[in-house]
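Engineer: Top line first, the protein sequences correspond to chains A and B. Per this note's numbering, the first sequence runs over residues 324 to 437. Per this note's numbering, the second sequence runs over residues 868 to 978.
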Amino acid sequence: DVKVTQSSRYLVKRTGEKVFLECVQDMDHENMFWYRQDPGLGLRLIYFSYDVKMKEKGDIPEGYSVSREKKERFSLILESASTNQTSMYLCASSLQVSTFIEAFFGQGTRLTVV
Amino acid sequence: DQQVKQNSPSLSVQEGRISILNCDYTNSMFDYFLWYKKYPAEGPTFLISISSIKDKNEDGRFTVFLNKSAKHLSLHIVPSQPGDSAVYFCAASGGAQKLVFGQGTRLTINP
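#1: What number of angstroms, rounded off, separates the C-alpha of Tyr412/A from the C-alpha of Thr328/A?
#2: Between Met355/A and Ser372/A, how many whole angstroms is the CB-CB distance? I'm expecting something under 8 Å.
#3: When the Cβ atoms of the region 402-412 of chain A are set against those of the region 928-945 of chain B, are three or more pairs found closer than 8 Å?
#4: Going along chain B in order, which residues have a C-beta closer than 8 Å to the C-beta of Tyr373/A?
#5: Establish whether the CB of Gly339/A and some CB of chain B are separated by less than 7 Å.
#6: For a contact meaning CB atoms closer than 9 Å, what does Glu909/B contact in chain C?
#7: Report the residue from Gly950/B, Asp898/B and Tyr955/B whose alpha carbon sits nearest the alpha carbon of Asp922/B.
#8: Tell me whether Lys393/A is buried or exposed, calling it buried when 16 or more other Cβ atoms sit within 10 Å of its Cβ.
#9: When burial is assigned at 16 or more other CB atoms within 10 Å of the CB, is Gln360/A buried or exposed?
#10: Quick check on Phe343/A: buried or exposed, where buried means 16 or more other Cβ atoms within 10 Å of its Cβ?
#11: What residues in the region 346-369 of chain A bring their beta carbon closer than 9 Å to a beta carbon of chain B?
#12: Could you check if Tyr892/B is buried or exposed, using at least 16 other CB atoms within 10 Å of its CB as the buried criterion?
#13: Going by C-alpha to C-alpha distance, which of Val931/B, Gln873/B and Gln970/B sits closest to Leu368/A?
#14: Could you tell me which whole beta strand (DSSP E) segments of length 3 or greater appear in the region 334-388 of chain A?
#15: Pull out every residue of the region 395-427 of chain A whose Cβ sits closer than 9 Å to any Cβ of chain B, in chain order.
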């Protein structure tokens, strides 16, 4: 069974804090993703990585950075948290194939910035 | 620019009837489409997919239809059950190794 695990289910942080969201997958997937989910906006891609130490910006990378030092781990970093980064954050992973992509998601981290 | 659109934020259906969720896309390079289901406080789970070389894919109570000329796909659930109440996301990919999602439709099945 594919497992994508996010380190926290709920987080409350103060404005200006540096925040780390951790994600680990156990299926040796090459691709890993960070999305955020907001009402009425769906899932928007923040960053993705297709290999260790490789990263690409998604649709909304501003205010975020990522780190992928090991294949199984993909971290999302909020350099200086702001209230507009209050959201549900979802990590996902997938195999690198030429045809289709079925991404497997973690349980999500509900981040509140106060 | 929203490349994948789900124009109905919510849908309410009676138990036992058919649920039809719709999705439109603008990028003609998309060649694979997926539906995900999401319960509150959980991550999305894969439901069903379809390749652009097909126009229909069926899995039990779930059927996805693809109309490439209209850039439209739909998910049919029949018969609808209370456990189907969730948010449904349409997603598309076009060889860039990433999925583009729609805004989601909240489906409520009424007893």
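Backbone N, C-alpha and C fix where the C-beta goes; we use that ideal spot for every residue, glycine too. No experiment lies behind these values; they were computed from the predicted model shown.
Structural biologist: Considering the structure as presented:
#1: 12 Å
#2: 5 Å
#3: no
#4: The answer, in chain order, is Gln964.
#5: no
#6: Among the protein chains in the structure shown, which are A and B, there is no chain C.
#7: Nearest to Asp922/B by C-alpha distance, out of Gly950/B, Asp898/B and Tyr955/B, is Asp898/B.
#8: exposed
#9: Burial call: buried.
#10: exposed
#11: Glu353, Asn354, Phe356, Tyr358, Gln360, Pro362, Gly363, Leu364, Gly365, Leu366, Arg367 and Leu368
#12: By the neighbour-count rule (16 or more Cβ atoms within 10 Å), Tyr892/B is buried.
#13: Gln970/B
#14: 342-348, 354-361, 365-374 and 377-380
#15: Met411, Leu413, Cys414, Ala415, Ser417, Gln419, Val420, Ser421, Thr422, Phe423, Ile424, Glu425, Ala426 and Phe427
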